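Q:
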DNA sequence: TTGTACGCGTTATCAG
DNA sequence: CTGATAACGCGTACAA
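Protein chains in written order, with this note's numbering: chain A, 4 to 333; chain B, 4 to 333.
#1: Quick test of the definition: if touching needs 3 or more C-beta pairs under 8 Å, does the stretch 215 to 228 of chain B touch the stretch 156 to 171 of chain B?
#2: With 8 Å as the C-beta to C-beta threshold (strictly closer), list the residues of the stretch 234 to 261 of chain A near chain B in chain order.
#3: Does DSSP classify residue 274 (chain B) as helix, strand or coil?
#4: Can you name, in chain order, every residue of its own chain whose Cβ lies under 6 Å from the Cβ of residue 198 (chain A), other than the five neighbours on each side?
#5: Give the C-beta separation of residue 257 (chain B) and residue 286 (chain A) to the nearest angstrom, bearing in mind that I take them to be a contact with Cβ-Cβ under 8 Å.
#6: Pull out every residue of the stretch 112 to 129 of chain B whose Cβ sits closer than 8 Å to any Cβ of chain A, in chain order.
#7: Can you give me the C-alpha to C-alpha distance between residue 28 (chain B) and residue 108 (chain B), rounded to a whole angstrom?
#8: Flag residue 3 (chain A) as yes if its beta-carbon sits less than 8 Å from any beta-carbon of chain B, otherwise no.
#9: What is the residue span of the beta strand (DSSP E) that residue 46 (chain A) lies within?
#10: What is the rounded straight-line gap between the Cα of residue 177 (chain B) and the Cα of residue 160 (chain B)?
#11: Please list, in chain order, the chain B residues whose beta carbon lies closer than 8 Å to that of residue 96 (chain A).
#12: Please return the same chain residues whose Cβ sits closer than 6 Å to the Cβ of residue 71 (chain A), not counting the five positions on each side in sequence.
#13: Starting from residue 94 (chain A), trace the beta strand (DSSP E) both ways and give me its first and last residue.
#14: Quick one: what's got a C-beta closer than 8 Å to residue 105 (chain A)'s C-beta in the same chain, skipping five residues either side?
#15: Tell me residue 245 (chain B)'s beta-bridge partners as DSSP assigns them.
#16: Spatial neighbours of residue 204 (chain B) within its chain, please: CB distance less than 7 Å, with the 5 preceding and 5 following residues excluded, ordered by chain position.
#17: Counting only the same chain and skipping the five closest in sequence on each side, list residues whose C-beta sits under 6 Å from that of residue 151 (chain B).
#18: Measuring only the C-alpha atoms, how far is residue 259 (chain B) from residue 232 (chain B)?
#19: Identify, in the order they occur along the chain, each residue of the same chain with its Cβ nearer than 6 Å to the Cβ of residue 8 (chain B), setting aside the five sequence neighbours on each side.
#20: Quick check: what's the CA-CA separation for residue 300 (chain B) versus residue 95 (chain B)?
#21: Taking 8 Å as the cut-off, decide whether the C-beta atoms of residue 253 (chain A) and residue 289 (chain A) are in contact.
#22: Find the nearest neighbour of residue 305 (chain A) within the set A:12, A:89 and A:211, judged by alpha-carbon distance.
#23: Can you tell me which of B:212, B:242 and B:246 puts its alpha carbon nearest to the alpha carbon of residue 201 (chain B)?
#24: Quick check on residue 214 (chain B) - is its C-beta less than 8 Å from some C-beta in chain A?
#25: Tell me which residues share the same chain as residue 101 (chain A) and place their Cβ nearer than 7 Å to its Cβ, disregarding the 5 neighbours each side in the sequence.
#26: For residue 24 (chain B) and chain A, any beta-carbon pair shorter than 8 Å?
#27: Anything in chain B within Cβ reach of residue 56 (chain A), meaning under 7 Å, just list it in chain order.
#28: In terms of alpha-carbon separation, which member of A:67, A:84, A:64 and A:283 lies closest to residue 298 (chain A)?
#29: With distances taken Cα to Cα, identify the nearest neighbour of residue 76 (chain B) among B:126, B:144, B:63 and B:65.
#30: Can you find the residues in the same chain that come closer than 7 Å, C-beta to C-beta, to residue 315 (chain A), ignoring five residues on each side of it along the sequence?
#31: Let me check understanding here. Comparing Cα to Cα, which of B:56, B:144 and B:219 lies closest to residue 238 (chain B)?
#32: Ordered along the chain, which non-local residues of its own chain (more than five positions away) have a Cβ less than 6 Å from that of residue 295 (chain B)?
#33: Determine whether the beta carbon atoms of residue 81 (chain B) and residue 73 (chain A) lie at a separation below 8 Å.
#34: What do you reckon, are the CB atoms on residue 68 (chain B) and residue 122 (chain B) nearer than 8 Å?
#35: When DSSP builds the beta bridges, which residues end up paired with residue 192 (chain A)?
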C-alpha cells in the first residue's frame, strides 16, 4: 500500500507537506506541489479513507434510507442521487427500512459507526417520525423525500399528492365517468392518505353521491392491485373508471380487467400514479400522474451536499411539479 | 462520542480489556465481560468503523458493481445480496459501471480507498476482463455473476444461457411456428451471444432454412425491443413467433405487436427472458425464461463471505437452474 | 486475567 | 514554505 510517507520519502519532503499538497491547501510551493502530485500519480497513490475519516471526523458518505430498494419506484430516485454524489465525490450507503425505519438500528449504525455526513430518507410512513428529533439533536443534516413537514430546519422534497389525485380523478370525471373507484395505498403512509383525499374531494365537488364512491385498499404492489380490482368488479359492476394510488398496483388492476373480459378504456378507464418507466409499455399504455423521480433524487442530494458544504442552510421545502401524462388507458 | 476509553473508565478497567470483551475474545473474566457489555449498552456505545478499519485493515464492506443499478433486472439480485450481507454484518457499496467497468476508476477507489474486503461483479461485457487479473494479483476475493470463466481461482455464478435460449425457441417450434425471429441483445455481452447461439441451434436442428431466421439487435431496453419488433413485422410479415433476449425488450415488442393490430399469441407468439416481476402482469402475461435472480444475489454473497471467512476456497463455479415459465404469450 | 505501549494513515497545530 | 509531533479510536503483542 502506498502511503503519503512513501511519497514524502521519494519527494524528499515530510508527510505533512504531501498531505497539504494533495489536498490543495495553502502553504506549499507550487513547484513542490506539482512534484508531489506527479510522484503520487506515478506511484498510483490513493488516500486511505479510514485514516482520513478517523482524523477529520467526516466520512464523505451519505446514508440513503428507503422502504425497499427493490421497488421500481426508487430506481430513478437512486439514479438521480448517484449522479450528484459521483459528481461531488460522495459515497452513498443504502439501507432498507422495510415497514418501519425505527424498529431497526440501521440509522444508528449509519450515524454512529459509519459516521455518515448526512442522510436522505424516502417515505412517508406515519409511524416513523421520532427519528427526526434524534437527527436534529445530533445535528446530522438530512433531507426527507415524500414528506412535507413545515417544521423548522427540516428539509423536505415532495409533490402535492392531494392535488395530483384530484387532477387524476377530475380527468376521469371530465371524460364522463360517473362511477369511479379508487384503489388506495396503505394508509400508514401519508401519500396514500392524500391521494385518497384528492380522489374524495374531486368526487364531492362534482356532486357524485356517496354510494358511488368505492375505495379498496392495497399495499402498493401488483398483486394487491389485482385483487382490489377483482373486488371492485364484483362490488360495483357498473364502475367505469378507476384511479389507482400507484402504478405497480395499476399493473395488477389492468390484468384483472383484461381477465374479466373488459376493454380499456372503453369499458373501464384507468389512471395510475408515478409513471414508472414501464407504464409507457402496458397495454394499453397508461395514463398516469408523473412524479419527477429522477429530479427528486437529484435535488435531494444537491440540497444535502450544499448544506454539508455550508452553501445552504437547513429548512428547505421544495414542492416539485407533477404532471398528468395522458396515454391510452383513460 | 462514546469510545472504549469512556467505557473503560466507567468499568474501572483498561481500554484493551473493553476491546476484548466487546469482541468476544478470550482472556476476559466472564463477569467483567458482562459488566462491560452492560455499560456499553447503557452508554449507547457503537464502535467507530473508521478506527477499526484502520487498524484491522478490514473494512467489513463489499463492493458491488453492475452496469446500471436502475435496471429492473438487478433489483432481485441486490435484494438477495442485501439479505445475506445484513445477516452477516457486512455493508454493501454499490457502483454503476455503465458500458465499461474499466474506463472508470471506481474499482480502484473501492479497493484502495474504501478497502472493500471483496467484490461481486455482475455482467458479461466482453471488454471488461483485465480487471480479473488485477483482482487476482491483489488477492481481493470476488464473485462474478453472469460469467462462466473456467479459470482457476475465479468464482462464477451463471445460468446456461444457450440452453435456456434453445429451450425457449424449441418451445415455439413445438407449438408449430415455422418463422421465428429473435430480438438479440447487445453482442458486446456474452449472454447475448449465447442466447443467440441457442436460438440458432434450435432452428438449425429443426431444419428451418436460413432465410427463415431473422435476428434484430437491441440493447436490452424497452425502446429497442419496440423498434426491433417493428422492423421484424416489416421485414418478415409472415413471422409468427419471436424469442426476445430479455424481458425489458419484450415489453417493447408486445407494444409494437399490439399497435400493429396483431393478437398475442394467436397471430404472433412471444417468449422472453428473465422473468422480471412485472412479466406476470403484461398483456398477455409473458411466457419467459426465469432466471433465479434473488438466488444469484444471495449465493454470490454467501460464497464471497465464506471465502472471506476462510470457510471456502476460491474457484467456485456455480451453474444455477433456469426455468421456462409458461404463461399466455406463447 | 488485566494493563501498557504501540501503530494503523491521515490531518492539524505549531514551531522553525 | 516546511517539518516535527500529536492526535483520531481501536486492536494486539507483550509484559505484569
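Here a beta-carbon is modelled for each residue, glycine too, at the ideal position from N, C-alpha and C.
Just so it is clear, the structure is predicted and the values come from calculations on it, not from any experiment.
A: Working from what's here:
#1: Result no; under three Cβ-Cβ pairs closer than 8 Å.
#2: Within the stretch 234 to 261 of chain A, contact with chain B at the beta-carbon level (separation under 8 Å) is assigned to 254, 255, 257, 258 and 261.
#3: Correct three-state label for residue 274 (chain B): strand.
#4: Hits under 6 Å: 164, 168 and 248.
#5: Contact between residue 257 (chain B) and residue 286 (chain A) holds, with the beta-carbon distance rounding to 7 Å and staying under 8 Å.
#6: Within the stretch 112 to 129 of chain B, the qualifying residues are 112, 115, 116, 117 and 118.
#7: When the Cα atoms are used, residue 28 (chain B) and residue 108 (chain B) turn out to be separated by approximately 38 Å.
#8: Given that chain A is displayed from residue 4 to residue 333, the structure contains no residue 3 (chain A) and the question cannot be resolved.
#9: Neither: residue 46 (chain A) is in no beta strand (DSSP E) and is coded neither H nor E.
#10: Computed Cα separation, rounded: 30 Å.
#11: Result: 94 and 96.
#12: Result list for residue 71 (chain A): 99, in chain order.
#13: Counting along the chain, the beta strand (DSSP E) containing residue 94 (chain A) begins and ends at 94 to 99.
#14: Take residue 105 (chain A), set aside five residues on each side of it, and the residues of its chain with a beta-carbon closer than 8 Å to its own are 130, 131, 133 and 134, in chain order.
#15: For residue 245 (chain B), DSSP records a beta bridge to B:184 and B:273.
#16: For residue 204 (chain B), same chain residues with a beta-carbon under 7 Å away, outside a window of 5 residues either side, are 169 in chain order.
#17: Result list for residue 151 (chain B): 159 and 161, in chain order.
#18: Straight-line Cα distance between these residues: approximately 6 Å.
#19: Closer than 6 Å at the Cβ level, and outside the excluded window around residue 8 (chain B), lie 18.
#20: So the two alpha carbons sit approximately 12 Å from each other.
#21: Yes, the Cβ-Cβ distance between residue 253 (chain A) and residue 289 (chain A) is below 8 Å.
#22: For residue 305 (chain A), the nearest C-alpha among the options comes from A:89.
#23: Per the Cα distances, B:246.
#24: Answer no: the Cβ-Cβ gap between residue 214 (chain B) and chain A never drops below 8 Å.
#25: Contacts found: 70 and 71.
#26: Residue 24 (chain B) does not count as touching chain A.
#27: Per Cβ cutoff of 7 Å: 53.
#28: Among A:67, A:84, A:64 and A:283, the Cα nearest to that of residue 298 (chain A) is on A:84.
#29: Checked all of B:126, B:144, B:63 and B:65; the closest Cα to residue 76 (chain B) is B:126.
#30: For residue 315 (chain A), where only same-chain residues beyond five positions count, the Cβ hits under 7 Å are 306 and 309.
#31: Residue 238 (chain B) has its Cα closest to that of B:219, out of B:56, B:144 and B:219.
#32: In the same chain as residue 295 (chain B), and ignoring 5 residues on each side of it, the C-beta atoms closer than 6 Å to its own belong to 323, in chain order.
#33: Inclusion of residue 81 (chain B) and residue 73 (chain A) in the CB contact set at 8 Å is warranted, their separation being smaller than that value.
#34: The answer is yes: Cβ separation under 8 Å.
#35: Bridge partners of residue 192 (chain A): A:128.
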